[in-house]
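K.L.:
Have a look at this one.
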Amino acid sequence: MIARPWSSGPSCSRRCCGSVRRQSLDAGAVDSILRGGAGVRCAFCSRAGAFDAAARTRSARLLTTDPARQLDESWWAAQNPALVSGGVSFGWLRAAFQSVALLERSGYLEAIRTPLMVLASGDDRIVDLSATQAACARLPHAAMHIIAGAQHELLRERDALRMATLRQIRDFLRAPTAP
1 MIARPWSSGP SCSRRCCGSV RRQSLDAGAV DSILRGGAGV RCAFCSRAGA FDAAARTRSA
61 RLLTTDPARQ LDESWWAAQN PALVSGGVSF GWLRAAFQSV ALLERSGYLE AIRTPLMVLA
121 SGDDRIVDLS ATQAACARLP HAAMHIIAGA QHELLRERDA LRMATLRQIR DFLRAPTAP
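Anchor point for the sequence shown: position 32 equals 32 in full-length UniProt numbering, and the numbering is continuous, going up by one each time.
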């Protein structure tokens with residue numbers, strides 16, 4: 001069964017979640033599920049939390065361009081399975097939506113007076129660079145540096161990109177004044 005994206009989709013999923021292969025939800029449906037779709041939440045969490053080594057290896061390619069550091073993710077998981085986290089939970093998703101709503105609130109970022117350095121990955125396929133740039137533009141005492149060619153995890157990148165990141169951090173911390 002493929003659930004429909006309109007209002008009956010979430011209730012249909014609650015009744016038939018064992019047979020739903022795929023579902024598309026609009027923002028209202030997602031909000032409804034996050035606030036109370038316990039049947040969907042339980043069914044989702046029981047399957048999404050499982051560790052999938054092959055998926056972890058594929059997703060490591062989104063984190064870094066360094067093949068050795070991609071492989072160490074799987075190695076650490078094999079050494080100590082208790083360190084492994086599963087998929088996204090509804091609790092995580094709810095917190096993410098709440099965080100985005102807070103950051104989008106007018107005046108929230110503008111009120112931050114702490115000098116900040118924002119480091120962004122030039123080739124990040126997880127975090128939207130334009131959204132990061134827009135948020136940074138609202139921070140009155142922030143300097144943004146983009147590490148060209150880097151993926152999501154700057155400190156797990158190839159040595160040249162990692163060193164560029166560390167130099168930016170060092171220079172920021174040594175600077176006598178705010179950016």
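Quick reminder that beta carbons are idealized off the backbone N, C-alpha and C, glycines included. Model, not experiment: these values are computed from the prediction.
Enumerate, from N- to C-terminal direction, the unbroken beta strand (DSSP E) stretches of 3 or more residues contained entirely within the UniProt domain "Serine aminopeptidase S33" (62 to 159).
P.N.:
116 to 121, 142 to 147, all fully within the UniProt domain "Serine aminopeptidase S33" (62 to 159).
K.L.:
For ILE126 and LEU173, I'd like the C-alpha separation in whole angstroms.
P.N.:
If you take the alpha carbons of ILE126 and LEU173, they lie about 27 Å apart.
K.L.:
With distances taken between CB atoms, is the gap from ILE147 to THR165 smaller than 7 Å?
P.N.:
Their beta carbons are under 7 Å apart, which means ILE147 touches THR165 by this criterion.
K.L.:
Nearest-angstrom Cα distance between VAL100 and ALA134?
P.N.:
Using only the alpha carbons, I get a separation of about 13 Å.
K.L.:
Excluding the 5 residues preceding and the 5 following ALA60 in the sequence, name in chain order all residues of the same chain whose CB lies nearer than 6 Å to its CB.
P.N.:
Closer than 6 Å at Cβ, skipping near neighbours: GLN70, GLU73.
K.L.:
If you run the structure through DSSP and keep just helix, strand and coil, what is ALA175?
P.N.:
Looking at ALA175 - three-state DSSP - the assignment turns out to be coil, as it is neither helix nor strand.
K.L.:
Under three-state DSSP, which class holds LEU166?
P.N.:
Residue state, collapsed to three classes: helix.
K.L.:
Going by beta carbon distance, what residues of the same chain come within less than 6 Å of ARG156, once the five residues before and after it are set aside?
P.N.:
Closer than 6 Å at the Cβ level, and outside the excluded window around ARG156, lie THR64, ARG69.
K.L.:
Could you round the C-beta distance between ALA150 and SER121 to whole angstroms and report it? I think they count as a contact, below 8 Å.
P.N.:
Contact holds; Cβ gap of about 4 Å.
K.L.:
Within this structure, are the beta carbons of HIS152 and ASP124 separated by less than 7 Å?
P.N.:
Going by C-beta atoms, HIS152 is nearer than 7 Å to ASP124.
K.L.:
Do VAL118 and ALA142 come within 7 Å of each other at the CB atom, strictly closer than that value?
P.N.:
Yes, Cβ-Cβ distance for ALA142 and VAL118 is below 7 Å.
K.L.:
Candidates PRO115, ALA160, LEU154, LEU161: which alpha carbon is nearest PRO140's?
P.N.:
Closest option to PRO140, Cα to Cα, is PRO115.
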